[in-house]
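Numbering (my numbering), first residue to last: 615 to 1067.
Backbone N, C-alpha and C fix where the C-beta goes; we use that ideal spot for every residue, glycine too.
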Ligand code: NDP
């Protein structure tokens, strides 16, 4: 069977076996279709049915969560943990609490996580989890009750050598604290079972900053390769959460000028550059909506979602040299890609997971825009989580600079392996293909070594 037919057969099986999971189809199609040069070179992946096996999670756990709200009423949510692949290490991947969470979204994120974790060069397998619980508008007490109820079930399936969850959208320090406290209460064990922990109870310095910083380091490597740098570049950033804030912080420290950020209500455009202190005060301390920003910085513009172009996002309509989508999946459409190209953008670097829709990725490629794919560009977060695991296991604490230096080295290695692999397989400069092949090969070869398990 030809390689293209083999891939097509597996993609069809996915649709039959996982009805309605559109984000999962999108993620599997992107990865599998980029493996053509690898599959043409080696027939072992077909011989050992690797594609058929790698698209099915090793284990999928779906559970009911009941918790009592402040009025004493029983609330019900659905919880997920998809333990996708443990060929190269224990399961590792974040937890997302957001009303849009469903099995297809958790599977897409878990699938991406396998290859991202492999690219870090560290021994971590791929997983993802979460719930359709919406932390917005809930009291502290309700968030705690929900997290405790979620952990009652999750605790049966995780452990420091088994599965180590972390945060993601809607799961920050506060939620991780409640989850960790409940895990300890249930199991009686103080162990590094979660990452992104508070600094007083086993967390690592620089973990909070790692995904955003790592994304900027990756973008700098791309530009350096072509004898350019971020210094002086105008950058559009989406999101106003963990990844976006620390992307903006690192961009500023490298002499770039981030001019946008956004939340689900709208976009801030601040032509003279985002004021980091104001952004942090609103989002990290007061936990308010981004619309507050213009009250403190009246020379900035606030564009509510109702004023966005049809099927487009305000962040990508501004004149910029580089774009950093750092909020959520499918937030950069074909219309947005066209606007970026028209306005002279040179680089799109994905801080969020799968933020760019497939048509837009194709359009950017056709127009020779540099592209930092998510599983490489945002891998600094999970890599630093693994550094947190190392510190927990050896009962040591490293300084901020030590962790940051290791993060820098890891991001350089990820860039090099993605770049070199693309070149080796005849797709020079295509970091997406390079990252997919390099991430896949290590996991697939390990699966072959370990037999039919
Ligand atoms: P946060 O919850 O801290 O922030 C998410 C931001 O994106 C918020 O500003 C949020 O706005 C906005 N957002 C979320 N969903 C939507 C939506 N459907 N439409 C518009 N805006 C939205 O999450 P993170 O910063 O941690 O994560 C951002 C992205 O980065 C995700 O794709 C995540 O999977 C990915 N990622 C995160 C890592 C990490 O270490 N945190 C590691 C690797 C990837 P609002 O508050 O209004 O909802």
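Residue i, buried or exposed, once every other Cβ within 10 Å from all chains shown has been counted against 16
i            : result
residue 845  : exposed
residue 1019 : exposed
residue 1017 : buried
residue 1114 : Shown here, the chain extends from 615 to 1067; a query on residue 1114 therefore has no answer.
residue 935  : buried
residue 656  : exposed
residue 1032 : buried
residue 840  : exposed
residue 913  : exposed
residue 626  : exposed
residue 863  : buried
residue 661  : exposed
residue 687  : exposed
Own chain residues within Cβ distance below 8 Å of residue i, not counting five before or after
i           : result
residue 651 : 1039, 1040, 1041, 1047, 1051
residue 621 : 646, 647, 649, 650, 653, 665
residue 986 : 829, 832, 833, 836, 961, 962, 963, 964, 1045
Residue range of the unbroken alpha helix (DSSP H) whose run includes residue i
i            : result
residue 876  : Segment 874-877 is the beta strand (DSSP E) holding residue 876; no alpha helix (DSSP H) there.
residue 974  : 972-980
residue 826  : 821-839
residue 1025 : 1014-1038
residue 1003 : 994-1007
Boundaries of the beta strand (DSSP E) in which residue i is found, first to last residue
i            : result
residue 986  : 984-986
residue 780  : 777-780
residue 881  : 880-883
residue 624  : Segment 617-631 is the alpha helix (DSSP H) holding residue 624; no beta strand (DSSP E) there.
residue 962  : 961-963
residue 1053 : Counting along the chain, residue 1053 falls outside any beta strand (DSSP E), though it belongs to the alpha helix (DSSP H) covering 1045-1063.
residue 917  : 915-918
residue 956  : Unbroken run through residue 956 is the alpha helix (DSSP H), 948-956; no beta strand (DSSP E).
residue 937  : 936-938
residue 851  : 848-851
Other residues of its chain near residue i: CB distance less than 6 Å, five sequence neighbours each side excluded
i           : result
residue 691 : 679, 745, 746, 747
residue 780 : 708, 809, 810, 999
residue 893 : none
residue 942 : 966
Sequence-distant residues of its chain with Cβ nearer than 7 Å to residue i (five each side left out)
i           : result
residue 885 : 873
residue 642 : 625, 628, 669, 725
Supposed contact pair residue j and residue i - C-beta distance, whole angstroms, cut 8 Å
i            : j            : result
residue 767  : residue 693  : 6 Å
residue 1068 : residue 1049 : A question about residue 1068 goes unanswered here, because the residues of the chain that appear run from 615 up to 1067.
residue 722  : residue 784  : About 17 Å separates the two Cβ atoms, so there is no contact after all.
residue 790  : residue 993  : Wrong, their Cβ atoms sit about 20 Å apart, outside the cutoff.
residue 565  : residue 952  : Lying outside 615 to 1067, the shown extent of the chain, residue 565 is not represented and no answer is given.
residue 940  : residue 997  : Contact doesn't hold; Cβ gap of about 17 Å is too wide.
Runs of beta strand (DSSP E) wholly within the segment 769-810 (minimum 3 residues, chain order) | Counting whole runs of 3 or more residues, the segment 769-810 contains the beta strand (DSSP E) stretches 777-780.
Whole beta strand (DSSP E) elements within the segment 647-711, 3-residue minimum = 673-682, 688-699, 705-711
Hey, which unbroken runs of the beta strand (DSSP E) at 3 residues or more fall wholly within the segment 726-773?
-> 739-745
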